[in-house]
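Chains as they are written, first to last, in the working numbering: chain F, 1 to 112; chain B, 113 to 253; chain R, 254 to 748.
Working notes, structure below.
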Amino acid sequence: METCMSIIIGILFAVGTYLILSKTLLRIILGTSIIGHGVNLLLLTMGGLKKGGPPLLGLNTLTFTDPLPQALILTAIVINFATTALFLVLSYRAYKVLGTDDVEQLRGYNDE
Amino acid sequence: MKEPNDVILKTATKAAVVIILAFSIHLFLSGHHNPGGGFIGGLAFVAAVVLLYLVHGIEKVQKNIPVDFKKVAGIGVLISVFTGVGGMISGNPFLNQAFWMVDLPLFGKTEMATAVLFDVGVALAVIGASLTIIISISDDR
Amino acid sequence: MNNLIILPIIIPIIAGMLMVICKNMIKFHRFLSLLAIISVGTVSVLLMEQIKFAGIQILYLGGWQAPFGITLVADMFAVMLVLVTAIVTFCCLCYAFSSIGIERELHYFYPLVLFMIAGVNGAFLTGDIFNLFVCFEVMLVASYVLISLGGTRIQLRESVKYILINMISSFFFLVAIAFLYRMTGTLNLAHLSVLVAKAGQGGLMTAVAFLFLIVFSLKAGLLLFFWLPGSYSAPPPAIAAIFAALLTKVGVYAIIRLFSLVFYHEPGVTHQLIGVLAAITMVLGAMGAVAYGDIKRIMTYNVMIGIGFILAGFASFSTAGMSGTVYYLIHDMIVKALLFLLGGTIIYLTGTGKLKEMSGLIRLHPQLGWMFFIAALSLSGIPPLSGFIGKIFITEGTFHSGYFWLGGIGLLSGLMVLYSMLKIFMNVFWGYTNLTDETDKGTHRGLLLPIGILTVLTIALGLGAEGIHEYVDLAVMGLMEPGLYIDAVRGSSLW
């Protein structure tokens, strides 16, 4: 299972990196959010993919999964959601004001 | 422009919104010992409101629910923080929670916890923040 | 257990949220933001006294013992930085009152600054590495909005890059946390320190340490500073001053905390690498500061030189070097804010950032000129001012540990700082006066008062270095002896 997960994480990171290296802003944002998913999977895997009951009171199971990585992932998802939303709105605004979504043209040589 | 004929959508929405809202409250209340809680309950609530936006248009819904969602988010965060401060006033660490068993008339023996207040704050913050994001993305075409 | 520790984090949040609710009352916003910052400063002074008499203060949030719950740890180093943060923010807010403009004020400028301060204070006070990540994000999200607030072309262009860089570094932060959690099974800094010391810092652990180093270098602008000159020259001076004084310093704080508390077993590898990175940063920063003829660029490259120099002292990992680091960090926060406010005022007066197009300001604005001169001398470490004491300790520390090249580069970069600052001073204040009395916009008390306060502080820190010596010593002791921190967090539990 861990091997499978690490391959998936690798693929997500590769796709995300490819998208981030492209020129259009929208693809870059998609890339960051795909890498974000890869990171969340990595957190899940690193917490250990044990078989066990959910960590809730009142369940009569002997083994519990580790709840901490899940708490971390929830926090990471929320933060990622907020930043992605902000990034989307901001790049839409930048597109409207600057008239381009091509990162090559966002360099700004005009000073010096 | 001709108004699209979406009677089916509007009729289905009337039922669906009520169901989603009820489910969001269920999710919120079950969060104390079971999966659920303020965050997910708030998001489900947002889903209902977004459905209304989609069907009836943002202006119409905002006229009927005249609430500034930024303020909702602000009040939510304040409630959460002050729940934490409540622990401090009683001499315990910040965010310390307390609970009592209360006999309510209809419900029988019920657990009342200050953690629910914290969750109310979280839910309000999530509702306010998400709806603010959705409105500000969508209001400019 | 000490509930005072949470106050520097929740006071700004409560004040900010009250402002969000009362949206259009700008006077109320101004008053409440100052009140919040002053009370944070007061709390940190109280905490410093408590730490001085009773040792490191701890707060277990919700009463959950470490390592299970979130722990807040107030040691002298962290609380000193909280105090300096409050002072610097106070001055920048005063400057913003008369310079930021009603449009930005109505778009939640003060709440955003306060949320950023909450994040900064949280990052200083937390004792849990995941909470550090969360506080970083709180600070960064607020800074994303602050950098784009106003929506001018250059701001939008730079903020897109700034957000992208910081999002990627946050992902790396999470990756590093995931690996660390797999290897140790804990996220509490003190518990991590114990476990790493028990298991030994092997190659794999050092690799994770490097991952953290990459993340924090990106945030601090240590070698990975390519984003910094653009981003810090985009926003208006009051915001740029807060950024330059605080944001990179939080990265520096994280490096110092992590590599003095957890990953301190292989100084030959990790700390030497930090030293090399610091040296390269100083060299490249000095090149930029000397080469550019634009006042904003010169100031941002000076930020990098400061970062490099602070971490040079840390890399020496000796008591002298460390106290130099603490002194210089405090000095750098104050003087960078001062520098950016001065630069912003100059640009406001002349309407341009290019050195060639301005001259002769001293005739109309003598106070500004002389305060700039004092800031320039202080920045390059001339004796009676605040930069000197840090500089001498860092140099002593690097020489003591045998890193002669590092100390040498540090001293040379100090010369370059002096050159670049005097280049600004001579071009801007000397020479033929372009502005006439009619075209001059004039400065008023609202702009000069915060600058004056910071100038007085940099002089006072230099002359009264003896006075804070006791506190700096306590901070250095906490950094050099991880055992004190661990024992305080551990309390009576057994691990």
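All residues carry an ideal CB built from backbone N, CA and C; glycine is no exception.
Residues that residue i contacts on chain A, provided the C-beta gap is smaller than 7 Å
i, result
"S91(F)", "Judged by its chain identifiers, the structure shown contains no chain A, and its protein chains are F, B and R."
Under 9 Å by beta carbon: chain B residues contacting residue i
i, result
"I259(R)", "G196, V197, M200, P205, F206, L207"
"L312(R)", "P205, F206"
"I267(R)", "V189, L190, V193, F194, V197"
Within chain F, the residues that residue i reaches when beta carbons sit closer than 7 Å
i, result
"L427(R)", "V39, L43, A76"
"S248(B)", "V89"
"S401(R)", "L90"
"I191(B)", "Under the 7 Å cutoff, chain F gives no residues; its nearest Cβ is about 18 Å from I191(B)."
"I245(B)", "A85"
"A497(R)", "Neighbours of A497(R) on chain F: none; closest Cβ ~18 Å, over 7 Å."
"E390(R)", "I79"
"F383(R)", "L72"
Listed by chain order, chain F residues near residue i by CB distance under 9 Å
i, result
"Y397(R)", "T83, L86, F87, L90"
"V394(R)", "I79, A82, T83, L86"
Chain B contact residues for residue i, given Cβ-Cβ distances below 8 Å
i, result
"G58(F)", "H145"
Start-to-end residues for the beta strand (DSSP E) that takes in residue i
i, result
"Y313(R)", "310–313"
"T222(B)", "220–225"
"A327(R)", "324–327"
Other residues of its chain near residue i: CB distance less than 7 Å, five sequence neighbours each side excluded
i, result
"L385(R)", "A376, T379, A507"
"Q310(R)", "N255, I258, L300, Q303, I304, A327"
"G52(F)", "T61, T63, F64, T65"
"T195(B)", "T226, L229, F230, G233"
"T459(R)", "E519, V522, T523"
Alpha helix (DSSP H) segment containing residue i, residue limits
i, result
"V214(B)", "Note, V214(B): premise wrong, no alpha helix (DSSP H); beta strand (DSSP E) at 211–216."
"L632(R)", "619–632"
"G38(F)", "25–46"
"N80(F)", "67–98"
"V513(R)", "Checking the sequence shown, residue 513(R) turns out to be Ser, not Val. S513(R) -> alpha helix (DSSP H) spans 501–514."
"Y678(R)", "In the sequence under discussion, the amino acid at residue 678(R) is Phe, which differs from the Tyr named in the question. It spans 657–682 - the alpha helix (DSSP H) in which F678(R) sits, taken as one unbroken run."
"I132(B)", "119–142"
"D585(R)", "572–603"
"E241(R)", "Residue 241(R) is absent from the structure shown; chain R starts at 254 and stops at 748."
"N374(R)", "362–378"
"F13(F)", "2–20"
Nonlocal neighbours in the same chain, by C-beta distance under 8 Å from residue i, ignoring five residues either side
i, result
"I29(F)", "T84, F87, L88, S91"
"S250(B)", "Y165, I170"
"T648(R)", "G577, G660, G663, L664"
"V15(F)", "G31, I34"
Buried versus exposed call for residue i [16 or more other C-beta atoms within 10 Å across all chains shown]
i, result
"I267(R)", "buried"
"M674(R)", "buried"
"A451(R)", "The question names Ala, but residue 451(R) is Lys in the sequence shown. K451(R) is exposed by the Cβ-count criterion."
"E411(R)", "buried"
"A134(B)", "exposed"
"I739(R)", "buried"
"L417(R)", "buried"
"V214(B)", "exposed"
"K122(B)", "exposed"
"T32(F)", "buried"
"I73(F)", "buried"
"L668(R)", "exposed"
"G143(B)", "buried"
Proximal chain B residues relative to residue i, where beta-carbon distance stays under 7 Å
i, result
"G316(R)", "N204, P205, N208"
"M254(R)", "P205"
Contacts around residue i, its chain only, beta-carbon distance under 6 Å, and the 5 residues preceding and following it disregarded
i, result
"G403(R)", "R357"
"T342(R)", "I290, I370"
Chain R contact residues for residue i, given Cβ-Cβ distances below 8 Å
i, result
"V97(F)", "G404, R406, L409"
"K182(B)", "V273, K276"
Interface residues of chain R facing residue i [CB-CB closer than 9 Å]
i, result
"V130(B)", "What V130(B) touches in chain R: nothing, since even the nearest Cβ is about 30 Å away."
"G47(F)", "A431, Y434, R435"
8 Å Cβ cut-off: residues of chain F touching residue i
i, result
"V387(R)", "T75, I79"
"I416(R)", "T83, L86, F87, L90"
Within chain R, partners of residue i - CB distance below 7 Å
i, result
"G186(B)", "M270, V273, I274"
Taking contact to mean at least 3 C-beta pairs separated by less than 8 Å, is the region 343–351 of chain R in contact with the region 236–244 of chain B?
-> Contact check between the region 343–351 of chain R and the region 236–244 of chain B: fewer than three CB pairs, one atom from each, fall below 8 Å, which does not count as touching.
Would you check if there are 3 or more beta carbon pairs closer than 8 Å linking the region 700–710 of chain R to the region 263–283 of chain R?
-> No, the region 700–710 of chain R does not touch the region 263–283 of chain R.
Would you check if there are 3 or more beta carbon pairs closer than 8 Å linking the region 733–748 of chain R to the region 436–448 of chain R?
-> With the cut-off at 8 Å, the region 733–748 of chain R and the region 436–448 of chain R touch.
Are the region 513–525 of chain R and the region 457–474 of chain R in contact at 8 Å, needing three or more beta carbon pairs?
-> Short answer: they touch.
Inter-stretch contact (C-beta, 8 Å, three-pair minimum) for the region 125–133 of chain B and the region 148–166 of chain B | Three or more Cβ pairs closer than 8 Å define a contact, and the region 125–133 of chain B meets that threshold against the region 148–166 of chain B.
Touching by the beta-carbon criterion (3+ pairs, under 8 Å), the region 555–563 of chain R and the region 474–486 of chain R = Short answer: they touch.
Stretch-stretch touch, CB-based, cutoff 8 Å, three pairs: the region 481–488 of chain R with the region 387–407 of chain R = Here the region 481–488 of chain R lies against the region 387–407 of chain R, with 3 or more beta-carbon pairs under 8 Å apart.
Are three or more beta carbon pairs between the region 168–186 of chain B and the region 140–158 of chain B nearer than 8 Å?
-> Touching, no, given that fewer than three Cβ pairs across the two stretches are closer than 8 Å.
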